[in-house]
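One structure is given here, and the rest of the page talks about it.
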Amino acid sequence: MKTFYYYKALRRTIIQLLDVFNDIQISRYDTNGVITDTFKVPLKFAPKMTAWTWLYEKKDDEMLPIMSMQLNSVEFSPDRLGNRLKRIITSRNIDDGTIEKFLNPIPYNFGFQLSIWSLHMVDVDQILEQILPYFAPYIIMRINITELDATFDVKVIFNGCSPDITNEYTDEERRVLMWNLDFMVHGYLFQPSSDSALIKKIITNYYTNEDSFNDRSTESTFTSAASGESVSTIHTGLGYDADSEILYSYERFGD
4 MKTFYYYKAL
14 RRTIIQLLDV
24 FNDIQISRYD
34 TNGVITDTFK
44 VPLKFAPKMT
54 AWTWLYEKKD
64 DEMLPIMSMQ
74 LNSVEFSPDR
84 LGNRLKRIIT
94 SRNIDDGTIE
104 KFLNPIPYNF
114 GFQLSIWSLH
124 MVDVDQILEQ
134 ILPYFAPYII
144 MRINITELDA
154 TFDVKVIFNG
164 CSPDITNEYT
174 DEERRVLMWN
184 LDFMVHGYLF
194 QPSSDSALIK
204 KIITNYYTNE
214 DSFNDRSTES
224 TFTSAASGES
234 VSTIHTGLGY
244 DADSEILYSY
254 ERFGD
């Protein structure tokens with residue numbers, strides 16, 4: 004943990020989730036049921052009380068409805084953990100013989116709550132009907148980590164919603180309807196990437212008995228032709244050295 008790095012994985016997950024709810028619209032109707040106005044519902048990323056304080060200070064009916072999103076929990080997800088030693092290669096540089104790679108991402112569950120404030124229940128109905136049908140019970144978001152040249156999909160699960168009803172109001176308070184929607188995002192965080200050299204040859208020995216294993220004097224060499232030169236023919240096969248009692252495999256590259 005002594006190497007500084009920042010891939011913005013959590014930040015990009017939050018931004019992508021906010022974008023899911025950033026195009027909610029509601030309409031106003033006259034007594035005949037005809038649409039008279041349509042406008043976009045504002046969305047803020049802020050704790051519930053911060054958003055409520057902002058609304059209370061405004062004291063303007065036109066500010067409602069409004070939505071706010073907040074991150075409530077971060078939990079490690081062991082059931083989604085893969086091979087922690089597996090490395091994913093992002094780029095290869097044949098000229099200097101290096102590759103850039105990073106370890107498997109670490110899975111985390113991020114709990115989010117979306118709060119809705121409105122003066123009218125019909126506004127809440129319109130907002131819910133534009134959200135809930137898409138979650139059955141989840142949707143898939145795609146996150147792009149440009150620093151790693153990697154793209155991964157995350158699952159957004161809808162856990163449920165409930166009204167936050169206040170039955171007692173003072174004379175100066177307005178009746179405000181509030182609903183809370185809970186979501187769980189199956190996201191990932193990344194460890195720092197690293198550079199390493201390309202494998203240019205592989206040496207393999209096969210021993211047919213214990214005596215030949217103790218000698219360990221014969222070996223077969225594989226080359227990957229990673230120098231960038233063109234390879235027109237490749238021959239592979241299996242042979243047996245009777246004198247050394249060694250079974251060997253070979254791979255020959257030709258120009």
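Residue numbers (the working numbering): 4 to 258. Positions of the beta carbon are idealized from the N, C-alpha and C atoms, including for glycine.
Counted as a single uninterrupted DSSP element, the stretch harbouring residue 179 is not any beta strand (DSSP E), since DSSP gives it neither H nor E. Here residue 88 is exposed: its Cβ has fewer than 16 other Cβ atoms, across all protein chains shown, within 10 Å. Annotation: the stretch 6-30 contains the following complete segments of the alpha helix (DSSP H) (minimum length 4 residues), in chain order: 12-23.
Using a Cβ distance threshold of 8 angstroms, residue 130 and residue 68 count as a contacting pair. Between residue 151 and residue 186, the CB-CB gap reaches or exceeds 8 angstroms.
In this structure, the straight-line span from the alpha carbon of residue 83 to that of residue 110 is close to 6 angstroms. Under the criterion of beta carbons closer than 8 angstroms, residue 49 and residue 28 do not qualify as touching, at roughly 21 angstroms.
Between residue 188 and residue 20, the CB-CB gap stays under 8 angstroms. The shortest C-alpha to C-alpha distance from residue 23 to any of 38, 137 and 103 is the one to 137. Partner residues in the beta bridge of residue 163, as assigned by DSSP, are 185. Ranked by Cα distance from residue 158, the options 147, 143 and 116 are led by 143. Between residue 41 and residue 195, the gap from beta carbon to beta carbon reaches 8 angstroms or more. Sequence-distant partners of residue 15 (beyond 5 residues in either direction) whose C-beta falls short of 6 angstroms from its own C-beta, in its chain, are 146. Going by C-alpha positions, residue 161 is about 6 angstroms away from residue 140. Put simply, of 190, 148, 125 and 191 the residue whose alpha carbon is nearest the alpha carbon of residue 33 is 125.
The residues 111 and 112, in chain order, have a CB closer than 7 angstroms to that of residue 78 in the same chain once the five nearest residues on each side in sequence are set aside. A direct Cα-Cα distance of roughly 7 angstroms separates residue 26 from residue 43. A straight line joining the alpha-carbon of residue 178 with that of residue 191 spans about 40 angstroms. Counting only the Cα atoms, residue 35 lies some 47 angstroms from residue 13.
For residue 129, the enclosing alpha helix (DSSP H) begins and ends at 124-132.
Between residue 184 and residue 122, the C-beta gap is not smaller than 8 angstroms, which leaves the two residues out of contact. Sequence-distant Cβ neighbours of residue 127 in its own chain, meaning closer than 8 angstroms and more than five residues away, are 68, 119, 121, 180 and 182.
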